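Visitor:
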Amino acid sequence: MRGERPRGVKWTGVDLSCRDTLVYQHGPRRAVFFLYLSRVRTRWPACTPKPGRPYEEMVTVSDTKVTWLTQDAYDRLKHELDEMIENRPVIAARINDSREEGDLKENGGYHAAREEQGQAEARIRHLQELLRNAKVGEAPEDDGTAGPGKVLTVKYDGDDEEEKFLLATREEGAEGALDVYSPESPLGKALLGAKEGESREYELPNGKTMKVTLIKAVPYSES
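So for the sequence shown, our numbering puts the first residue at 7; every next one is plus one.
1) In whole angstroms, what is the alpha-carbon distance linking V160 and Q77?
2) Just to confirm, are K222 and L158 a CB contact at a threshold of 9 Å?
3) Between which two residues does the alpha helix (DSSP H) holding K84 run?
4) Compare the Cα-Cα distances from K156 to each of A119, E127 and G199 and report the closest residue.
5) Compute the Euclidean distance between the alpha carbons of E167 and D149, then round it to the nearest angstrom.
6) Look at the Cβ atom of L87, then the Cβ atom of Q125, and state whether they are nearer than 9 Å.
7) Thinking just about the alpha-carbon of each residue, which of H132, Q123 and T219 is nearest to the one in G164?
8) Helix, strand or coil, according to DSSP, for A118 in the structure here?
9) What are the partner residues of S104, as DSSP defines its beta bridges?
10) Starting from L173, trace the beta strand (DSSP E) in both directions and tell me its first and last residue.
11) Give the C-beta separation of Y226 and A174 to the nearest angstrom, bearing in mind that I take them to be a contact with Cβ-Cβ under 8 Å.
12) Under 9 Å, do E122 and R94 count as touching if we go by C-beta distance?
13) DSSP on K214, reduced to helix/strand/coil?
14) Measuring only the C-alpha atoms, how far is Q31 from L210?
15) Do P154 and P189 count as a contact pair if the criterion is CB distance below 9 Å?
16) State the Cα-Cα distance for the pair G114 and H132, rounded to the nearest angstrom.
17) Please classify A126: does DSSP put it in a helix, a strand, or coil?
18) How many angstroms separate the CA atom of E202 from the CA atom of V224?
19) Taking L184 and K170 to be in contact with their CB atoms under 8 Å, please state how far apart those CB atoms are, rounded to whole angstroms.
20) Looking only at its chain, what residues have a beta carbon closer than 7 Å to the beta carbon of K84, apart from the 5 residues adjacent to it on each side?
21) Starting from L158 and walking both ways along the beta strand (DSSP E), at which residues does that stretch end?
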């Protein structure tokens with residue numbers, strides 16, 4: 007529906023220059039719709055996902071650079087990693103069983119198991135790197151200042167609608183409904199340290215600047 011933001015759609019894996027260009031040209035509320043238009047993929051190659059991987063499943067190392075994780079988030083991700091490693095033999099056995107069924111070209115079970123294995127190994131590598139580089143600490147103070155681990159409510163210049171997102175690694179908000187912006191993104195860097203009511207500017211890929219005002223900053227809670 008026009009003007010309504012699709013639920014569950016995140017910017018995970020989308021190049022930051024692509025995101026900022028779309029936000030600048032169409033506004034933060036409508037930008038996500040244009041992400042799925044075929045003409046976007048020709049005008050902005052960075053918006054094109056790798057074959058066979060939907061936008062919401064794509065994750066790049068630069069997008070997941072961690073500066074802060076709560077202990078609860080770290081434990082949750084570590085538990086997920088341990089379970090995926092333990093499940094490796096199960097997937098391998100499924101591949102072997104499917105291979106014995108005959109012609110691999112017509113063997114849907116075999117190809118599905120191989121695809122599952124590839125996705126699992128990619129996720130394992132991602133979690134290993136994320137946890138290796140993570141800094142674990144307590145939740146940030148509720149002082150109205152923008153920083154990692156905070157839920158920010160902002161308003162963009164020229165847009166009457168407010169936007170709320172989590173400023174942190176995307177893994178920190180993996181189970182929630184919030185969009186997650188990296189502190190390493192142009193928008194994230196611009197807002198770091200901003201006080202409620204303060205306006206900041208950040209540069210867009212086309213060289214122009216976007217003004218954004220911090221309305222509210224509160225610590226993130228999974229509860």
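Every residue, glycine too, gets a C-beta built ideally from N, C-alpha and C.
Note that the structure is a prediction, hence the values are computed from the model and not measured.
Guide: On the basis of the coordinates in this document:
1) Here residue 160 refers to the residue found at position 154 of the sequence shown. Here residue 77 refers to the residue found at position 71 of the sequence shown. The alpha-carbon atoms of V160 and Q77 are separated by roughly 27 Å.
2) Within the sequence shown, the letter at position 216 stands for residue 222. Within the sequence shown, the letter at position 152 stands for residue 158. Result yes, Cβ atoms of K222 and L158 sit closer than 9 Å.
3) For this step, residue 84 is matched to residue 78 along the sequence shown. Per DSSP, K84 belongs to the alpha helix (DSSP H) from Q77 to E92.
4) By one-based count along the sequence shown, residue 156 stands at place 150. Residue G199 is the option with its Cα nearest to K156.
5) Counting from one through the sequence shown, the residue named residue 167 turns up at place 161. Counting from one through the sequence shown, the residue named residue 149 turns up at place 143. Answer to the nearest angstrom: the Cα atoms are 24 Å apart.
6) Here residue 87 is taken as the residue at index 81 of the sequence shown, counted from 1. Here residue 125 is taken as the residue at index 119 of the sequence shown, counted from 1. No, the Cβ-Cβ distance between L87 and Q125 is not below 9 Å.
7) In the sequence shown, counting from the first residue as 1, residue 164 sits at position 158. Comparing Cα positions, the closest option is T219.
8) Translated into the one-based positions of the sequence shown, residue 118 becomes position 112. Here A118 sits in helix by DSSP.
9) Reading the sequence shown from its first residue, position 98 is the one you call residue 104. For S104, which the question treats as bridged, DSSP gives no partner whatsoever.
10) In the sequence shown, counting from the first residue as 1, residue 173 sits at position 167. It spans E168 to L173 - the beta strand (DSSP E) in which L173 sits, taken as one unbroken run.
11) On the sequence shown, residue 226 is found 220 positions in, with the first residue counted as 1. On the sequence shown, residue 174 is found 168 positions in, with the first residue counted as 1. Y226 to A174, Cβ: 7 Å. Contact.
12) On the sequence shown, residue 122 is found 116 positions in, with the first residue counted as 1. On the sequence shown, residue 94 is found 88 positions in, with the first residue counted as 1. No, they are not a contact pair.
13) Here the question's residue 214 lines up with position 208 in the sequence shown. It is coil, neither helix nor strand.
14) As a position in the sequence shown, residue 31 is number 25, starting the count at 1. As a position in the sequence shown, residue 210 is number 204, starting the count at 1. Any reading at Q31 must be qualified, since the residue scores a pLDDT of 48, below 50, and its modelled position is unreliable; no value is offered.
15) Position 183 of the sequence shown holds residue 189. Position 148 of the sequence shown holds residue 154. Cβ atoms of P189 and P154: closer than 9 Å.
16) The residue you call residue 114 lines up with position 108 of the sequence shown. The residue you call residue 132 lines up with position 126 of the sequence shown. Each residue's Cα considered, the two are about 27 Å apart.
17) Here residue 126 refers to the residue found at position 120 of the sequence shown. A126: helix per DSSP, three-state reduction.
18) Position 196 of the sequence shown, counting from 1, holds the residue named residue 202. Position 218 of the sequence shown, counting from 1, holds the residue named residue 224. Each residue's alpha carbon lies about 10 Å from the other.
19) Here residue 184 refers to the residue found at position 178 of the sequence shown. Here residue 170 refers to the residue found at position 164 of the sequence shown. Their Cβ separation, rounded to whole angstroms, is 7 Å, which keeps L184 and K170 in contact under 8 Å.
20) Start at 1 with the first residue of the sequence shown, and residue 84 comes out as number 78. For K84, where only same-chain residues beyond five positions count, the Cβ hits under 7 Å are L137.
21) Position 152 of the sequence shown, counting from 1, holds the residue named residue 158. Taken as a continuous stretch (DSSP letters only), the beta strand (DSSP E) holding L158 covers K156 to Y162.
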